[in-house]
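Working notes, beginning with the structure itself.
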Amino acid sequence: MDSFLVDHFCLLQFAAAPAQVAFGHGGTSTKIKSYGSLKGSINSYEGPSSEGGGAFSSGIRVDKEYKEPWDYYSSYPVTLPMRRPYSGNPELLDEEEFGEVAESITRDENSTKAARDLGLMVSSCINETRFLPSNRTITEKDEKRILMLKEGGLSVRQIMRVIELEKRVKHGYLSFLEKDVRNLFTKVRKKQDANDAMDLLQYCKIAKEEDCKFQYVFTLDEERKLENIFWSAAHCIDWYQKYGDVVVFDTTYKINAYQMPFGIFVGVNNHGKTILFGCALLRNETTSTFRWLMKTFLSVMKKPPKTIITDQDPWMTEAISEELASTKHSFCIWHITSKFSGWFTSILRNRYQDWCADFYKLYNLDAPEDFEREWPQVVAKYELHTNKHVIGLYEIKHFWVPAYLCDYFFGGMTTTGRSESINAFIKRFISSHTNLGQFVKQVDLAIEDIDQVQLHDTMLETYRGSSLRTMSPLEEQAHNVLTPYCFKKFQEQFGRAALYSLTHEDGHMLVLKYYEETQYNKWHNVFWDGETAICS
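The numbers in UniProt numbering rise by one with no breaks, and the one at position 295 of the sequence shown is 295.
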């Protein structure tokens with residue numbers, strides 16, 4: 001048997017040689033020996049003949065002309081026909097029974113032993129075949145489990161690990177790969193995307209019917225497709241009435257499935273936690289779109305915020321100045337400094353970190369005159385007086401320099417730590433494949449989470465112990481009125497009260513003096529006339 005296979009292989013190689021030569025040397029005509037079908041059993045085979053490169057003793061040798069090598073290769077499979085023993089047998093090819101037999105086949109060590117012994121398969125092939133598409137499947141049960149875990153916010157890698165642990169399968173040995181899970185998400189998303197906009201409007205309509213305080217406003221384009229939409233839940237509107245003095249509006253994220261800008265209005269409550277005021281999906285980021293959004297926000301909330309913090313967007317700045325004229329507009333320093341790497345790294349090189357350190361010193365200056373004195377010196381130090389970004393930052397200094405904003409209330413929302421907290425909060429809604437249905441669910445979950453955290457903080461406040469540092473009745477009163485977060489802020493300021501010295505007293509007029517250890521180590525004067533305090 002083995003000698004027959006070897007001889008047969010040599011025979012085929014010898015027969016194909018002329019065609020190979022023709023291809024290699026650009027020949028246009030090839031004359032070869034073509035052999036008929038094999039007759040008789042394997043035992044009747046007598047080996048290759050010595051004439052013409054060999055032939056089967058019982059075969060029929062035919063000379064055939066081929067004009068092109070391609071003609072030979074096209075007819076080659078026909079020249080050696082092999083009829084399977086079950087061909088045409090309806091009993092063996094019964095569709096139902098054949099499928100059952102195919103499903104019952106198991107591929108283990110024993111079933112592949114013969115192939116390995118002949119050298120046709122190595123041991124590693126058995127392990128590698130599980131990566132073939134035909135061997136990778138996600139069952140209906142696994143599919144439901146995967147989609148549920150995704151709804152819970154798990155990444156693809158986390159989902160794979162959870163299912164491995166549940167099935168007690170060795171890492172990497174599930175019947176599907178991470179790629180298959182992503183393909184599943186794509187397939188499901190395509191089914192959902194077709195009616196996403198209508199589903200969002202339907203969600204808002206049902207929410208309005210269930211709670212009359214729920215508010216939503218939307219616009220349609222000329223093709224009657226969803227253009228812009230703003231919505232705010234009842235909890236969000238209540239939170240704004242209590243804590244809406246300072247609002248952060250962010251549009252730096254997009255729902256990638258549609259490339260629609262996602263706008264979110266957030267603030268901070270009396271426990272120092274980030275809270276949600278409202279959400280918006282916009283068709284674009286033009287002045288007219290932002291004007292519509294600010295006007296809609298004002299009509300829903302019934303009052304403007306005292307201050308609003310945004311990123312550095314000229315179209316948004318124009319819209320806010322027109323629709324929220326009484327609101328102080330400020331730029332988020334975190335968004336500004338996040339661009340520094342792209343702006344200055346290639347210019348400053350190894351001096352980039354020193355520039356950042358000096359910039360933050362400028363940012364933390366208390367007085368405008370100090371900033372005006374130090375800014376040109378720092379710019380000259382790094383030779384950036386012609387840099388367009390530095391020039392632009394100086395032109396908008398009244399939007400981001402604290403020395404020019406000290407008369408306005410920001411509730412600690414301008415700090416880098418708070419900005420990073422808000423950024424993490426927003427990322428809860430958005431991922432690289434978020435669609436509208438998933439987005440709305442994540443917003444609802446975030447609102448519920450905020451409400452539960454607030455209830456928890458209120459409970460802790462009720463049962464908290466005393467943390468007074470002095471015997472002052474003023475501190476005790478503040479302890480009874482303020483939340484732990486606000487009381488801690490009060491204590492920091494109350495502890496500094498003893499550091500003031502009275503330098504002048506004239507009736508109701510008091511002049512206090514205190515020393516602040518900064519890079520300038522300067523004294524500050526506080527003037528009090530019984531109603532108003534002024535700090536110099």
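Note that beta-carbon positions come from the ideal geometry of N, C-alpha and C, so glycine has one too. This structure is a prediction, so every number in the text was calculated from the model and none was measured.
- The alpha-carbon of Gly263 is positioned some 28 Å away from that of Tyr485.
- In this structure, Lys141 is the residue among Val156, Lys141 and Thr186 with its C-alpha nearest to the C-alpha of Lys167.
- Judged by DSSP in its simplified three-state form, Met260 adopts strand.
- If you ignore the 5 residues before and after Glu492, its C-beta comes within less than 6 Å of no other C-beta in its own chain.
- Going by DSSP, Ser330 is part of the beta strand (DSSP E) stretching over Lys328 to Phe331.
- By the Cβ-count criterion, Gly267 is buried, with 16 or more other Cβ atoms from all chains shown falling within 10 Å of its own Cβ.
- The alpha-carbon of Ser326 is positioned some 8 Å away from that of Pro304.
- Here the segment 351–365 does not lie against the segment 287–300, with fewer than 3 beta-carbon pairs under 8 Å apart.
- The beta-carbon distance between Phe409 and Val162, rounded to whole angstroms, is 46 Å. This is too long to meet the 8 Å contact definition.
- CA-to-CA, the gap between Val511 and Ala367 works out to about 19 Å.
- A straight line joining the alpha-carbon of Glu461 with that of Lys242 spans about 18 Å.
- The segment 385–393 makes no contact with the segment 218–229: fewer than 3 CB pairs, one atom from each, lie closer than 8 Å.
- DSSP places Ser467 in the coil class of the three-state scheme, outside both helix and strand.
- Beta-carbon to beta-carbon, His271 and Thr483 are separated by about 5 Å, close enough to satisfy the 8 Å threshold.
- By the neighbour-count criterion, in which a residue is buried when 16 or more other Cβ atoms sit within 10 angstroms of its Cβ, Asp250 is buried.
- Secondary structure note for Thr345: its alpha helix (DSSP H) is the uninterrupted segment Phe340 to Leu348.
- In this structure, Ala280 is the residue among Glu323, Thr532 and Ala280 with its C-alpha nearest to the C-alpha of Lys254.
- Contact between the segment 390–405 and the segment 319–338 is present: three or more C-beta pairs spanning the two stretches fall below 8 Å.
- When only Cα atoms are considered, Glu323 and Thr317 end up about 10 Å apart.
- Beta-bridge partners assigned by DSSP to Leu147: none are found.
- Bridge partners of Cys279 according to DSSP: Trp231 and Ile264.
- Between the C-alpha atoms of Lys187 and Glu143 there is a straight-line separation of about 12 Å.
- Under the DSSP assignment, Cys356 falls in the alpha helix (DSSP H) whose first and last residues are Tyr352 to Tyr363.
- Taking the Cα positions, Leu184 is about 36 Å away from Asp211.
- In this structure, His385 sits away from Val378, with a CB-CB distance that is not shorter than 8 Å.
- Val401 carries a coil assignment under DSSP once its states are collapsed to helix, strand and coil.
- If you draw a straight line from the Cα of Gly244 to the Cα of Gly530, it is about 29 Å long.
- The Cβ atoms of Met294 and Tyr240 lie no closer than 8 Å to each other.
- When the Cα atoms are used, Cys204 and Leu149 turn out to be separated by approximately 25 Å.
- Of the residues Glu222, Ile146, Thr252 and Thr274, the one whose Cα lies closest to the Cα of Arg418 is Thr274.
- In this structure, His235 places its C-beta atom within 8 Å of the C-beta atom of Ile447.
- With 16 or more other Cβ atoms from the protein chains shown falling within 10 Å of its own Cβ, Pro261 counts as buried.
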